[in-house]
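Visitor: Numbering follows numbering that gives the first Met the number 0, with no gaps: position 101 of the sequence shown is 100. Quick reminder that beta carbons are idealized off the backbone N, C-alpha and C, glycines included. Owing to the predicted nature of the structure, the values given are computational and were not obtained by experimental measurement.
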Amino acid sequence: MKKLFLIIPLVALFVPAVVRAQVVYQKDIRPLFDSKCSMCHGPESPLVDDFKKEKEKYTKENKGPRMDSYPLLLEFVKGKDAGAIMRRLDDGKNTKDGKPGNMYTFLGKDEEEREKNLKTFKNWIGSWNLKRKAELTEEELRKATAPQ
Numbered sequence: 000m001k002k003l004f005l006i007i008p009l010v011a012l013f014v015p016a017v018v019r020a021q022v023v024y025q026k027d028i029r030p031l032f033d034s035k036c037s038m039c040h041g042p043e044s045p046l047v048d049d050f051k052k053e054k055e056k057y058t059k060e061n062k063g064p065r066m067d068s069y070p071l072l073l074e075f076v077k078g079k080d081a082g083a084i085m086r087r088l089d090d091g092k093n094t095k096d097g098k099p100g101n102m103y104t105f106l107g108k109d110e111e112e113r114e115k116n117l118k119t120f121k122n123w124i125g126s127w128n129l130k131r132k133a134e135l136t137e138e139e140l141r142k143a144t145a146p147q
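(1) Can you tell me whether DSSP reads A83 as helix, strand or coil?
(2) Express the C-alpha separation of D109 and G41 in angstroms, rounding to a whole number.
(3) In chain order, what residues of the same chain lie with their CB nearer than 8 Å to the CB of K115, ignoring the 5 residues before and after it?
(4) Whole angstroms is fine: what's the gap from D27's alpha carbon to E55's?
(5) Pull up the CB-CB distance for M66 and W127, whole angstroms please, since I reckon it's below 8 Å.
(6) Measure from the alpha carbon of Q25 to the alpha carbon of each residue in D90, A83, T94 and P70, then state which is nearest.
(7) Would you mind listing the beta strand (DSSP E) stretches within the stretch 35 to 73 that are 3+ residues and don't spill past its ends, in chain order?
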């Protein structure tokens, strides 16, 4: 019984640290997105369906699909374009050819900053998967948590 009384306070000390460590969209991803991604994926960018229709035009204008809100970004995590954000931001360590995704370089001014920001995205998503939507199982989609 005495051991139980010793364990409970110790657990109580660690629970808040775990809760605080959770990466969430509003606190962690949104500021990162605003500083690194919004220039090309912000409110002036087209929605993904419009982007796909005129990809060449928007690419020349340095605009990618709009992702400047939680629901819009979530489409690229576990929505109709699931996995796209992971493929684009990946550092290449998860691919056969070792090539990073085409947006990895924009995660920071140097490798250290890119790795730090990639880790934040990975922790937010919860399950880093480079598959396309059609290849993902329901279980894999469920593991992509991306809390708001």
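Guide: So, from the listed chains and residues:
(1) It is helical.
(2) Cα to Cα, G41 sits roughly 23 Å from D109.
(3) Excluding positions up to five away in sequence, the list reads G107.
(4) Cα to Cα, the separation comes out at about 32 Å.
(5) Going by Cβ atoms, the distance from M66 to W127 rounds to 18 Å, so no, they are not a contact pair.
(6) The shortest C-alpha separation from Q25 is found at P70.
(7) Within the stretch 35 to 73, no complete beta strand (DSSP E) run reaches 3 residues.
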